[in-house]
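Protein chains in written order, with the numbering used here: chain A, 1 to 267; chain B, 268 to 534.
The beta-carbon is built from N, C-alpha and C at its ideal position, and this holds for glycine as well.
Structure first, then comments.
In structure tokens, the structure reads:
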């Protein structure tokens, strides 16, 4: 089952719009975990077990593994999720972007090596650099549109033919990339008006919405501006606020439940 | 010594503008090499030894290692270059792009783990996502401006305030990012007019120019349109045409020499 189908089913069965981001910063681990590569695996499998019932998706951020040479642990955590929670989609957050031959290597990395259901992709290099993720048999792309960081307007908000660049990305996703394969978009919770604009362009397309939690986005506004006509359509990510909540793993579970409930209260 | 200083000195001592791209596709290896991770290391160290005298830089493309779980071999190849050819800068081609905390993890990956002198970075997410590479003590960023692929115009050529997006990237690199640290730009050999435009904006700034070799860019035009007033300023990359030349490793050395000479003939 492909990413979008799995996600649709998971939204239904979990009654959750929350994505738990897996950003293993060993300097913030509870004291009971070692800060080596093995500690990353143990901490994250405990986080997965504690938060799975509140999650519509998991999103490992590959940079945290790559910085410390923990690719094998990322493989194991992805395999653990697939084996134990086969109904929860895995989005590999890697923000890849490169020309065709190289993009095919990145698609192999995301889908064949890590077994992710979708990978985040940067659109700057153009359609031919997104296509390899869409045409991979197990592939799906979540393309950056309007990102949650403070400087995202430097280029994304610049106006081309009367519309900002991120609107052009949303239009291409709807009219062109969706014909090629399974595509969704990233729009930050920190830009709620832009989230509403993108929703008005893309129909029911799934939107990955980072920026709730540590980055300060408001769950109620995200649901109001981001959900589609069916009351789903958003994958609202929180990483640090859940992983490093007071009270260790039990605190992470509570924070995941609290965030899921805050999102559901606004539906 | 930082990336730009090392590069300036290497241009002078090697009398070469050629960057040898290290894209290990095991399906194209000469028959004497195994196609596992160890084969990647042996093939690339032989390529490095055979082509170093013709090279102003080496550029490993991380996707080819990541697809097959060969990160340790990338570490070893980078260490081999630093140990045996300490005067040749290493550009890690990874096209990273992510928000601050995550970008700092990618900077650790590139500079601390792999010991690269510079890393390629995607500008779509804005200045605050480029800054962590520029402020890392051993860091330098080579930012995508106008890429060599066929679809690069989808967004990069779109006009904002009378100028295409890639011109805005070049202007920001010159006026803002260069004040933050060691920055250069990627401009494809397959768009020679755009290469001349970028050169006219950025002064003597180094430009990484992919697309000569298998992608068909013309070395003479690259030199004419891309070099700065000192007759340097370009890092002209060829990967597949060198690595998989007829005649195995000896053929790769000949192709590197031939490409260096073709570039020098046009200076």
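Per-residue contacts from residue i into chain A (C-beta, under 7 Å)
i                      : result
residue 421 of chain B : 126 and 127
residue 537 of chain B : Examination of residue 537 of chain B is not possible in this model, given that chain B is present from 268 through 534 alone.
Cα-Cα separation between residue i and residue j, rounded to whole angstroms
i                      : j                      : result
residue 485 of chain B : residue 100 of chain A : 21 Å
residue 172 of chain A : residue 310 of chain B : 41 Å
residue 376 of chain B : residue 68 of chain A  : 7 Å
residue 288 of chain B : residue 507 of chain B : 8 Å
residue 346 of chain B : residue 381 of chain B : 8 Å
residue 51 of chain A  : residue 204 of chain A : 26 Å
residue 227 of chain A : residue 200 of chain A : 10 Å
residue 59 of chain A  : residue 207 of chain A : 13 Å
residue 516 of chain B : residue 273 of chain B : 27 Å
residue 389 of chain B : residue 66 of chain A  : 18 Å
residue 424 of chain B : residue 202 of chain A : 24 Å
residue 242 of chain A : residue 251 of chain A : 8 Å
residue 513 of chain B : residue 303 of chain B : 22 Å
residue 306 of chain B : residue 337 of chain B : 10 Å
residue 437 of chain B : residue 46 of chain A  : 46 Å
residue 275 of chain B : residue 182 of chain A : 45 Å
residue 73 of chain A  : residue 57 of chain A  : 19 Å
residue 492 of chain B : residue 369 of chain B : 36 Å
residue 197 of chain A : residue 526 of chain B : 50 Å
residue 140 of chain A : residue 374 of chain B : 27 Å
residue 175 of chain A : residue 427 of chain B : 22 Å
DSSP bridge partner residues for residue i (one or two, in chain order)
i                      : result
residue 142 of chain A : A:120 and A:184
residue 96 of chain A  : A:121
residue 469 of chain B : Its beta-bridge partners do not exist; DSSP assigns none.
residue 22 of chain A  : A:60
residue 91 of chain A  : A:118
Closest residue to residue i among the options (Cα-Cα distance)
i                      : options                       : result
residue 192 of chain A : A:180, A:173, A:102 and A:212 : A:212
residue 321 of chain B : B:514, B:505 and B:515        : B:505
residue 222 of chain A : A:6, A:229 and A:210          : A:210
residue 189 of chain A : A:11, A:149 and A:123         : A:149
residue 143 of chain A : A:135, A:176, A:260 and A:185 : A:185
residue 371 of chain B : B:403, B:337, B:273 and B:434 : B:403
residue 413 of chain B : B:349, B:462 and B:275        : B:462
residue 284 of chain B : B:513, B:351, B:525 and B:499 : B:499
residue 433 of chain B : B:445, B:391 and B:396        : B:391
Per-residue contacts from residue i into chain B (C-beta, under 7 Å)
i                      : result
residue 108 of chain A : 334
residue 98 of chain A  : 330 and 362
residue 263 of chain A : Within chain B, no residue comes near residue 263 of chain A; the closest Cβ sits about 22 Å away, beyond 7 Å.
residue 74 of chain A  : Under the 7 Å cutoff, chain B gives no residues; its nearest Cβ is about 11 Å from residue 74 of chain A.
Listed by chain order, chain B residues near residue i by CB distance under 8 Å
i                      : result
residue 168 of chain A : 422 and 425
residue 275 of chain A : Examination of residue 275 of chain A is not possible in this model, given that chain A is present from 1 through 267 alone.
residue 216 of chain A : Within chain B, no residue comes near residue 216 of chain A; the closest Cβ sits about 13 Å away, beyond 8 Å.
residue 151 of chain A : 392, 393, 394, 395 and 396
residue 205 of chain A : Within 8 Å Cβ-Cβ: nothing; residue 205 of chain A doesn't reach chain B, min ~19 Å.
residue 92 of chain A  : Correct list: empty, because the minimum Cβ distance to chain B is about 11 Å.
Buried versus exposed call for residue i [16 or more other C-beta atoms within 10 Å across all chains shown]
i                      : result
residue 482 of chain B : buried
residue 393 of chain B : buried
residue 487 of chain B : exposed
residue 95 of chain A  : buried
Closer than 9 Å at the beta carbon, the chain B residues around residue i
i                      : result
residue 192 of chain A : Result: empty, since nearest Cβ-Cβ is about 18 Å, beyond 9 Å.
Neighbouring residues, chain A, relative to residue i (Cβ below 9 Å)
i                      : result
residue 380 of chain B : 66, 67, 68 and 69
residue 432 of chain B : 124, 155, 158, 160 and 165
Contact list for residue i against chain C, beta-carbon separation under 7 Å
i                      : result
residue 389 of chain B : In the structure shown, chain C does not exist; the protein chains are A and B.
Contacts of residue i in chain A (Cβ-Cβ under 8 Å)
i                      : result
residue 475 of chain B : Correct list: empty, because the minimum Cβ distance to chain A is about 14 Å.
residue 447 of chain B : Residues of chain A passing the Cβ test: none, with the nearest at roughly 12 Å.
residue 462 of chain B : Going along chain A, no residue has its Cβ under 8 Å from residue 462 of chain B, so there is no contact; the nearest lies around 17 Å.
residue 268 of chain B : Near residue 268 of chain B there are no residues of chain A at all, since even the closest Cβ is about 24 Å away, more than 8 Å.
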